[in-house]
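Each remark here refers to the structure printed beneath this line.
2 protein chains.
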Amino acid sequence: MKNRLFFEHNFSDELFNFAKQEAEHIGFWRLVDENLSKYVSFADEVSQKCIAIIGIGGSSLGVEAIYNFLRPKFEYEKSLIFLDTTDPIQLSTQLEKIDLSATLFFVISKSGTTIESIASLKYLDHILQFSKNNLVVITDQGSPLEKFGLERGSSIFHIPESVGGRYSVLSVVGLLPLASIGVDIQELINGAKEIKSDFLRGDFPEVVSKALFFGENRNTYGMNALFSYSSLLKSFNEWYVQLWGESLGKVRKDGEAIGLTPIGLIGPKDQHSFLQLLMEGKKDKSVTFIKIKDMDSHLSIPVVSLSNLENLDIINGISFEELINLQASSTLEALKNSGVPTDVLELEDISERSIGKLIFYFEILTTLTAEVMEIEPYRQDGVELGKTILKKKLAET
Amino acid sequence: MKNRLFFEHNFSDELFNFAKQEAEHIGFWRLVDENLSKYVSFADEVSQKCIAIIGIGGSSLGVEAIYNFLRPKFEYEKSLIFLDTTDPIQLSTQLEKIDLSATLFFVISKSGTTIESIASLKYLDHILQFSKNNLVVITDQGSPLEKFGLERGSSIFHIPESVGGRYSVLSVVGLLPLASIGVDIQELINGAKEIKSDFLRGDFPEVVSKALFFGENRNTYGMNALFSYSSLLKSFNEWYVQLWGESLGKVRKDGEAIGLTPIGLIGPKDQHSFLQLLMEGKKDKSVTFIKIKDMDSHLSIPVVSLSNLENLDIINGISFEELINLQASSTLEALKNSGVPTDVLELEDISERSIGKLIFYFEILTTLTAEVMEIEPYRQDGVELGKTILKKKLAET
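Heads up: the protein sequence lines correspond to chains A and B, in order. Using the working numbering, you'd call the opening residue of the first sequence number 40 and step up by one each time. Using the working numbering, you'd call the opening residue of the second sequence number 40 and step up by one each time.
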């Protein structure tokens, strides 16, 4: 994976050293050293053709990002669905599509008391009577959900203590369901591991430089758009939005409200939606492009001339893969020429290794950017007030 | 449809009068008076079970917003797909799913030379040989695409001259494909018409007040989040992002770069992704909630107590519809208490009329906000540079 920066940037030894210390004791850094055999053995025993995840936010976005990136290419025999809402229409539509009795459910909740997930759990338990045969529980050690699972005889897996929800995709949270549908999780971890060691060896200085730039210029460029030129990265964008938004939207110790706002875009679609604003609107955004070098697709534009549309014969004979990547380069160039800070990440291919790299890259970048802004990237206390109000309203109904 | 504003707001007679004048001569205002019989007769003759739209941006986002809002409830017998990309993986996946020879294609492009759409057109023409039997052309009068369509004997429909792409969904652009799959387009227009007349009669002063607030406070609240509490509104959010971003991201005559940045959120999912940033990050965003009062769903949380999870018995017996709407109210209240300007739009139900209202409401709001900021909401000159660079790159390959 290459990262080229098209803005003036510096390196900081201090920040780099901070990262090296973090790598020694912060949870997500150490996930790449886990022995995966227990997940693989578990997955080998899964007989169901459908896996459903009951989980929301950090308990589902990462798994979804990886699954949707890989699925069209790898055509897994098993399917994965995400029950991540209280929306009755979405729930009904999803449940109608699957054979409930032939589905293995993973309920994933760090606290074990996530209201959306428990609502779905109650609904499904009423129909299915959960037992060790159809329910797996992934939660914090000692949570109420763990105790519920134990009573039902379910397999229980613990979320590592020092790993926050949005940094947990490379732990059991992501690895167990992904292994269960046939994803090569060792390759996924290998990708993350490669970025980690490249970075710690000093071979990936761009991460430090970007964090420094984003953090120091937060009042000029308060928004960071991720312009991914592949529909496969749509769910990845959503994972990024949570990671960036929840980690970097914080009140600092000195009382200043800090926030870098993430925006997920898909190319070329959003050239026809968001580009005008990036080009001519207030220059308050940086834009990171993601390209996939080799999409392993042979779809090409045929060499045909359409009557009256001969001006567009310039695209004849090129592959769609080449066209979309040229569109990415052209949009980047236009933004760069207009004074927008841009950079580009190029993935080698569509593989477990590539998405593993991308995920770990963003986890490092996020925590370093937080450090530059002097905020803490692992908590999310701001969401509590809404929960308290909801409980009050529920008690009143 | 009700709109309640939870921030200090004023009314402006001047702005209201401006709107009344616009309504007399600006294209999108007048679409509600069109006679729809020609679309209905055309639709009656469509025998294909699948309709595919070749179009991007303003040529597809609006149709997709309406279709995805209505589809789960109305279960149309015909399906609609959107070919809106040059992404080879997405294109292959989409085309594999349909029977190409039993599909009616609508190619929609205002200029008639949109590169993404012509690329798909070329690809499909090579396989299918487009003719009057499988291709309908919707474009500007006199465009190269119109001439191409005429040579093939296709039905040709013109986009009204004074209606820009992102304001065109209630014209032939949206109405013809929607009628062709069985949507009641008269009801759709009736909804828009109702908002128009309510507004012009002075019964919808909130639109004026909101535009005034958003425009005048653009340097404080530079971002406007739309928090839709229904998965049915996911594509609507995308339509809104284009409408808002392309209309309000402009260089003003005095040289100032103006931009209000739209953000589309879905509840409750994004409570677990974006809410932390809204609550504790920099207070630079306003948040508009959308709720659906009656989802016509009977899905309820059963009255069961799960061992160790008894604390969550507070949700027992309530419907999911009630729960999701309580979540919306609770999140709104939490944001309001934290000093975030919020408002809520409440749709009556899931119907053509409701989505017609919502669309027209946002079209008025957008153009009035542009007026407050003294910019022109209908052009998008900023996207041209990228196109020019792409053409240069293509000529070099």
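All C-beta atoms in this analysis are idealised placements derived from N, C-alpha and C, irrespective of residue type, glycine included. This structure is a prediction, so every number in the text was calculated from the model and none was measured.
According to DSSP, what are the bridge partners of H197 (chain B)? B:T178
What does the alpha-carbon distance come out to for the pair A434 (chain B) and I363 (chain A)? 15 Å
Beta-carbon gap between L448 (chain B) and G303 (chain B) smaller than 8 Å: As displayed, chain B neither begins before 40 nor continues past 436, which places residue 448 (chain B) out of reach and without an answer.
Should V326 (chain B) be flagged as near chain A, meaning a C-beta pair shorter than 8 Å? no
For a minimum of 3 consecutive residues, which ranges assigned as the beta strand (DSSP E) are wholly contained in the region 256-314 of chain B? 262-267, 288-290, 296-298, 300-305
Relative to chain B, which residues along the region 341-356 of chain A have a C-beta separation below 8 Å, given in chain order? P341, V343, L345, S346, N347, L348, N350, L351, I353, I354, N355
Look at the Cβ atom of A296 (chain B), then the Cβ atom of G320 (chain A), and state whether they are nearer than 8 Å. yes
Cα-Cα separation between K31 (chain B) and V71 (chain B), rounded to whole angstroms: Outside the shown range of chain B, which is 40 to 436, sits residue 31 (chain B), and nothing can be said about it.
Buried or exposed for Q60 (chain B), going by 16 or more other Cβ atoms inside 10 Å? exposed
Would you say V102 (chain A) lies against chain B (beta-carbon separation less than 8 Å)? no
C-alpha gap between W283 (chain A) and T405 (chain A), whole angstroms: 6 Å
What are the start and end residues of each continuous beta strand (DSSP E) run of 3 or more residues lying completely inside the region 47-99 of chain B, in chain order? 89-93
Hey, is L109 (chain A)'s beta-carbon within less than 8 Å of any beta-carbon in chain B? no
Since M412 (chain A) meets chain B, which of its residues come closer than 8 Å, beta carbon to beta carbon? Ordered by position in chain B, no residue passes the 8 Å Cβ test against M412 (chain A), which lies about 11 Å from the chain.
Simplified DSSP state of E385 (chain B), which is helix, strand or coil: strand
Any beta-carbon of chain B closer than 8 Å to the one on D126 (chain A)? yes
Roughly how many angstroms separate the alpha carbons of I30 (chain B) and L184 (chain A), rounded to a whole number? Given that chain B is displayed from residue 40 to residue 436, the structure contains no residue 30 (chain B) and the question cannot be resolved.
Any Cβ of chain B within less than 8 Å of the Cβ of E285 (chain A)? yes
In whole angstroms, what is the alpha-carbon distance linking S148 (chain B) and A367 (chain A)? 21 Å
Just to confirm my understanding: we take P307 (chain B), look at its own chain, exclude 5 residues before and 5 after, and list those with CB closer than 6 Å. What are they? Q366
Skipping 5 residues on each side, what residues in its chain have a beta carbon closer than 6 Å to that of E360 (chain B)? M334, S336
Tell me I331 (chain A)'s beta-bridge partners as DSSP assigns them. A:L386
Would a C-beta distance cut-off of 8 Å place P416 (chain A) and L287 (chain A) closer than the cut-off? yes
Using a cut-off of 8 Å between C-beta atoms, extract the partners of Q281 (chain B) located in chain A. H311, S312, F313
I394 (chain B) and F108 (chain B) - do their beta-carbons sit closer together than 8 Å? yes
Just the C-alpha distance for K324 (chain B) and L100 (chain A), rounded to the nearest angstrom, thanks. 24 Å
Backbone CA spacing between F121 (chain B) and D179 (chain A) [nearest angstrom]: 42 Å
Taking Cβ-Cβ distances shorter than 9 Å, what residues in chain A pair up with N376 (chain B)? L424, I428
Checking contacts by CB at 8 Å: is G288 (chain A) closer than that to chain D? Looking for chain D here will not work: the only protein chains present are A and B.
Give the DSSP-derived three-state secondary structure of T142 (chain A) in the structure shown. strand
N42 (chain B) by DSSP, collapsed to three states: which one? strand
Measure the alpha-carbon distance for I177 (chain B) versus I195 (chain B) and round it to whole angstroms. 6 Å
With DSSP as the reference, label K136 (chain B) as helix, strand or coil. helix
Which term fits R439 (chain B), buried or exposed, when burial requires 16 or more other beta carbons within 10 angstroms of its beta carbon? Given a span of 40 to 436 for chain B in the structure shown, any question on residue 439 (chain B) remains unanswerable.
Output the boundary residues of the beta strand (DSSP E) element that contains L119 (chain B). 118-122
Could you tell me which of A:S344, A:M412, A:E135 sits nearest to R257 (chain A), measuring between CA atoms? A:M412
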